[in-house]
Structure formats: C-alpha cells, structure tokens
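Per the working numbering, the very first residue in the sequence shown carries number 23; after that it's consecutive.
Working notes, structure below.
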Amino acid sequence: DELRRTGWLGLERAISVLPSVDTLANVREAGGRRGASIAAFLGIGDPAFRGIPDGAGDAAAPASAAPVDIRSYYRSGTVDLAAIGQLARLEKSGREVIEIADILGWEDADVLLQMEATQSNIDRRNAAGRLPEGGLVVFATHALVAGDLSGTLAEPAIVLTPEIAPSVAVPDAPAADRDGLLTASEVAQLDFRSSLVILSACNTAAGASGGEGFSGLARAFFNASAGSLVATHFPLLDLAGSRLTTRMVELLPAMRGDVPGAMRQAMQEYAADTAGDAAGLSSAHPANWAAFVVMDPR
C-alpha cells in the first residue's frame, strides 16, 4: 500500500529518452512525436540455446537455474557453446511473442521460435527486404552486456539459437554470424525500417560498465533504421516483461501510436494489480514494472 501511494515519476509521466537536445528541438518543431503505426510484425522468442529443439536429446533443457558464470560464455575469444546451452529456457518469451502476434492479427505476422530463432533467418529476411517496414519487431530472449565477460566481450549481444549443437564436438568454432550471438555491430548492418523495436530482455538499454546508457544495442538498432525502441535498464522479471509488452501493444491503437504513453499506462495497471499481494508477490515495487524505457531518435 505504501508503494502504491508513492508518487513514482514513471507512473505519473510518460517518459522517453532522446539522444540529443537537437532531437528534442526537432520533435517540437514537428509539433510533437510521431506515433508508431504497426503495419507488420516480426517476433523472435524462446530460442533453443542448446542448438537442438528443447525437449529433444537425452538431457532436458534447464527450465530454471542459477545463472551461468557470465565469464564462461567465451573461451580464448570464441563462444563457448556448451555454456550458452546451459542458459535457462525462456518458454514464456515464446508465449509473449505469440500473444503480441495475436493482438495484432496473424495476417502479417512472422514468428520465429526455437530452431527458427536464428541469425540466418534474420539475415535472409534482411537480404530479401522482409524486415517489416513500418512495423513492429520483438526480440524476447536473453541479452549480454559489453564488459560483463570480465572485459572480454567488446559489445552487447542478443542471444539466439546457435546454428550448431553445443553437444557436437567440432574442430572449429562456428562462424561469428552463426554462434547464437547477434552482436551490436551485426545489428547495425541490418535494415529494419520499423516503427518500433521491443527488446524484451535484461539490460538492453545499458552501455558498457560505467559507459553511456544510450549506446550499445540501442544505438545499433537506430543505426539499422529502427524507429522508437523499447529496452530495459535492469534485469527483467519474466511475468512482468510479457505483461507490460503485450499490454503496451494492445493499447497503442487507442493511443494513436503513443509508445511512451502506452508503456506508462501498462506500468500503471501492473503496479496497481493486487492479485499477488497476499502471496508475497506484489507488483507494486518498481523492480517489477520500471525496467522498460522508451528511446526515440526522431
């Protein structure tokens, strides 16, 4: 109750982050921010981190586990696929993507789950001009942050399905564009032309340790011609993430594409929900609802 009585800025004001004062001046000169119009949809979620379909093979994918020591993702400068294969499966992220597609209507939906959630599939769509122009792109998965690998990872990355099974012994590491990590530099080479990109993963708004926040993955997506970007400042709780993103998308048409306004309302509703209070799972604390930030380069 005390948390709900608190006047949280993120619940009282619709907030977006702009990269410069010049951008703010441009928004004002144009008479305000342009709304995001969703004409098509591409959703990527629930990757198969082991490189094989979850449920296949002798060992089941870890449903939940203590985080793997992040320093073990790389060995001698190359990806340790066995360590990536120990990442906990994000089955809820698949449902999140499907629910958003259902909200928007399946006619123009393109959904990549499990073995389809690969960089090759994204690259093929990019080469064919099939990344949704004027649409919505959602990545619902794990993310790594630059500097987290004891300083060995030079740039942040989104974790997808590795295109070689970690359990298979091979003499050479997979090519950088097939290792299951979509890095910021690889993102910047794509051409999204989308109205909105949602990065439903942990720490996707962060730069390197101690570095500029509006950098890394965010700047890479803007270099790739993304419109508005919804990213996270800190680790994202699974249930909160899916509820906030799906509700935000659901609200967008009635709010004329106002992404910050729709996210604020989604946060307000989630923070006010008392369903989990009695079980000690209250959604009132900002740790549950305040991870997302809206970034707008326009």
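Positions of the beta carbon are idealized from the N, C-alpha and C atoms, including for glycine.
Proximal residues to residue i (C-beta, below 8 Å), its chain only, five neighbours per side dropped
{"i": "LEU31", "result": "ILE37"}
{"i": "GLU272", "result": "ILE125"}
{"i": "THR268", "result": "GLU118, GLU121, ILE122 and ILE125"}
{"i": "ASP295", "result": "SER305"}
Nearest-angstrom Cβ-Cβ length linking residue i and residue j, presumed shorter than 8 Å
{"i": "ALA246", "j": "TYR292", "result": "No, ALA246 and TYR292 are not in contact; Cβ-Cβ is about 30 Å, not under 8 Å."}
{"i": "THR205", "j": "ALA179", "result": "4 Å"}
{"i": "SER250", "j": "SER207", "result": "SER250 to SER207, Cβ: 22 Å. No contact."}
{"i": "PRO184", "j": "MET137", "result": "About 10 Å separates the two Cβ atoms, so there is no contact after all."}
Buried versus exposed call for residue i [16 or more other C-beta atoms within 10 Å across all chains shown]
{"i": "PRO69", "result": "buried"}
{"i": "GLU34", "result": "exposed"}
{"i": "PRO282", "result": "buried"}
{"i": "THR140", "result": "buried"}
{"i": "ASP194", "result": "Low confidence applies here, because ASP194 scores a pLDDT of 47, under 50, leaving its location unreliable; read the following figure in that light. ASP194 is exposed by the Cβ-count criterion."}
{"i": "GLU118", "result": "buried"}
{"i": "ALA312", "result": "buried"}
{"i": "GLY22", "result": "Residue coverage of the chain in this structure runs from 23 to 320, which leaves residue 22 outside it and unanswerable."}
{"i": "GLY279", "result": "buried"}
{"i": "VAL43", "result": "exposed"}
{"i": "ASP299", "result": "exposed"}
{"i": "LEU25", "result": "exposed"}
Selection from the options that minimises the alpha carbon distance to residue i
{"i": "ALA288", "options": "ASP132, SER304, LEU303 and SER264", "result": "SER264"}
{"i": "SER222", "options": "GLY238, THR140 and VAL252", "result": "VAL252"}
{"i": "ARG241", "options": "GLY29, ILE144 and PRO41", "result": "PRO41"}
{"i": "ARG286", "options": "SER305, PRO275, LEU266 and ASP201", "result": "LEU266"}
{"i": "LYS114", "options": "GLY127, LEU135 and PRO184", "result": "LEU135"}
{"i": "PRO308", "options": "PHE256, ILE74 and PHE214", "result": "PHE256"}
{"i": "ARG27", "options": "GLN290, LEU274 and GLU138", "result": "GLN290"}
{"i": "SER142", "options": "LEU109, LEU203 and ASP295", "result": "LEU203"}
{"i": "ASP145", "options": "LEU182, ALA300 and THR296", "result": "LEU182"}
{"i": "VAL315", "options": "GLU24, ARG278 and THR254", "result": "THR254"}
{"i": "PHE243", "options": "PRO319, GLY298, ILE186 and ALA306", "result": "PRO319"}
{"i": "ARG111", "options": "ALA301, GLY67 and GLY127", "result": "GLY67"}
{"i": "LEU109", "options": "GLY127, ALA284 and LEU166", "result": "LEU166"}
{"i": "ALA104", "options": "ILE60, ALA150, PHE161 and ASP201", "result": "ASP201"}
{"i": "MET270", "options": "ILE60, GLY302 and TRP128", "result": "ILE60"}
Cβ of residue i within 7 Å of any chain D Cβ
{"i": "ALA165", "result": "Structure shown: chain D not included; a single protein chain is present."}
Other residues of its chain near residue i: CB distance less than 6 Å, five sequence neighbours each side excluded
{"i": "LEU64", "result": "ASP132, PRO154 and VAL159"}
{"i": "ALA276", "result": "none"}
{"i": "LEU239", "result": "PRO178, ALA206 and THR226"}
{"i": "ASP260", "result": "LYS114"}
{"i": "LEU274", "result": "ALA284"}
{"i": "ARG215", "result": "GLU155 and SER247"}
Contacting residues, own chain, Cβ-Cβ under 7 Å from residue i (five flanking each side not counted)
{"i": "ASP213", "result": "ASN148, LEU153, ALA246 and SER247"}
{"i": "VAL209", "result": "LEU239, ALA242, PHE243 and ALA246"}
- [ ] Tell me the start and end of each unbroken beta strand (DSSP E) in the region 205–291 that is at least 3 residues and wholly inside, in chain order.
- [x] The region 205–291 contains these whole beta strand (DSSP E) runs: 218–222 and 250–254.
- [ ] Would you mind listing the alpha helix (DSSP H) stretches within the region 138–166 that are 4+ residues and don't spill past its ends, in chain order?
- [x] 141–149
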